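Numbering (my numbering), first residue to last: 1 to 232.
Don't be surprised by glycine CBs; every beta carbon is placed ideally from N, CA and C.
This one's a predicted model, so the numbers in the text were calculated from it and none came from an experiment.
Written out below as structure tokens is the structure these notes cover.
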């Protein structure tokens with residue numbers, strides 16, 4: 001805030017509930033009373049800050065209806081009409097980079113505004129900001145998703161990232177390949193009667209979905225695969 005008057009601060013007030021309620025007999029009412037118990041949230045905050053600093057509030061009242069206050073934006077001469085952008089001008093004689101109430105701050109006609117502005121890099125180049133008063137977590141709302149069987153099946157893959165799923169698939173194929181290689185060696189050594197390259201893959205797939213075979217195979221491939229999977 002740039003206080004140009006000794007022990008005074010020029011504050012812009014506009015009818016903007018809940019920051020400043022226009023329902024009181026006098027606008028703005030800085031101190032709550034019986035006839036005006038809720039003058040406005042930001043009105044009370046500005047009053048408390050001024051009292052703590054021992055400053056007198058010089059009121060700059062904006063005569064606008066609720067919802068029609070021009071809080072100000074950066075004027076772009078290439079895409080905007082100046083007459084429309086700076087209307088109403090709120091007593092601003094010389095047009096600058098900002099319209100509306102922010103134009104009053106830019107021109108030095110006011111020190112602060114009785115409302116909250118979101119911090120942006122664009123505004124920070126022209127104005128000073130106080131410490132954050134409050135924080136709001138903005139969350140967008142959207143229409144509900146339609147549930148289907150395909151969506152429910154894909155939800156099973158959401159706990160892990162795609163890269164991890166590819167890594168698990170790679171090691172599963174590697175494990176099946178090693179098991180098939182060991183089974184082929186057993187077949188060549190006459191340690192098993194038959195050999196099917198897809199047999200071990202099917203067994204591991206059944207194991208992954210908790211449908212393993214009920215019998216224990218007597219071949220050496222099982223302990224070898226168990227040892228290889230343990231080392232991987």
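Whole angstroms is fine: what's the gap from residue i's alpha carbon to residue j's?
i: residue 69; j: residue 162; result: 50 Å
i: residue 12; j: residue 152; result: 55 Å
i: residue 23; j: residue 30; result: 13 Å
i: residue 73; j: residue 147; result: 43 Å
i: residue 83; j: residue 116; result: 26 Å
i: residue 58; j: residue 144; result: 50 Å
i: residue 21; j: residue 37; result: 10 Å
i: residue 45; j: residue 18; result: 12 Å
i: residue 123; j: residue 65; result: 25 Å
i: residue 196; j: residue 202; result: 10 Å
i: residue 170; j: residue 77; result: 59 Å
i: residue 150; j: residue 205; result: 21 Å
i: residue 85; j: residue 104; result: 14 Å
i: residue 60; j: residue 110; result: 8 Å
i: residue 209; j: residue 190; result: 31 Å
i: residue 43; j: residue 114; result: 6 Å
i: residue 174; j: residue 198; result: 13 Å
i: residue 207; j: residue 135; result: 51 Å
Under a three-way DSSP split, which group does residue i fall into?
i: residue 161; result: coil
i: residue 121; result: helix
i: residue 238; result: With the chain running from 1 to 232 in the structure shown, residue 238 is simply not present.
i: residue 127; result: coil
i: residue 80; result: coil
i: residue 13; result: strand
i: residue 93; result: coil
i: residue 20; result: strand
i: residue 56; result: strand
i: residue 113; result: strand
i: residue 8; result: strand
i: residue 107; result: coil
i: residue 25; result: coil
i: residue 195; result: coil
i: residue 142; result: coil
i: residue 184; result: helix
If I'm right that residue i touches residue j with Cβ under 8 Å, what's the distance once you round it to whole angstroms?
i: residue 179; j: residue 192; result: 12 Å between Cβ atoms; not a contact.
i: residue 106; j: residue 96; result: 5 Å
i: residue 90; j: residue 101; result: 7 Å
i: residue 7; j: residue 56; result: 6 Å
i: residue 9; j: residue 112; result: 7 Å
Any beta-carbon of chain E closer than 9 Å to the one on residue i?
i: residue 206; result: No chain E is present in this structure, which holds just one protein chain.
For residue i, which beta-bridge partners are listed by DSSP?
i: residue 74; result: 98
i: residue 62; result: 14
Give a single yes or no on whether residue i has its beta carbon closer than 8 Å to a heavy atom of the ligand ATP.
i: residue 64; result: This structure lacks the ligand ATP; in fact it carries no ligand of any kind.
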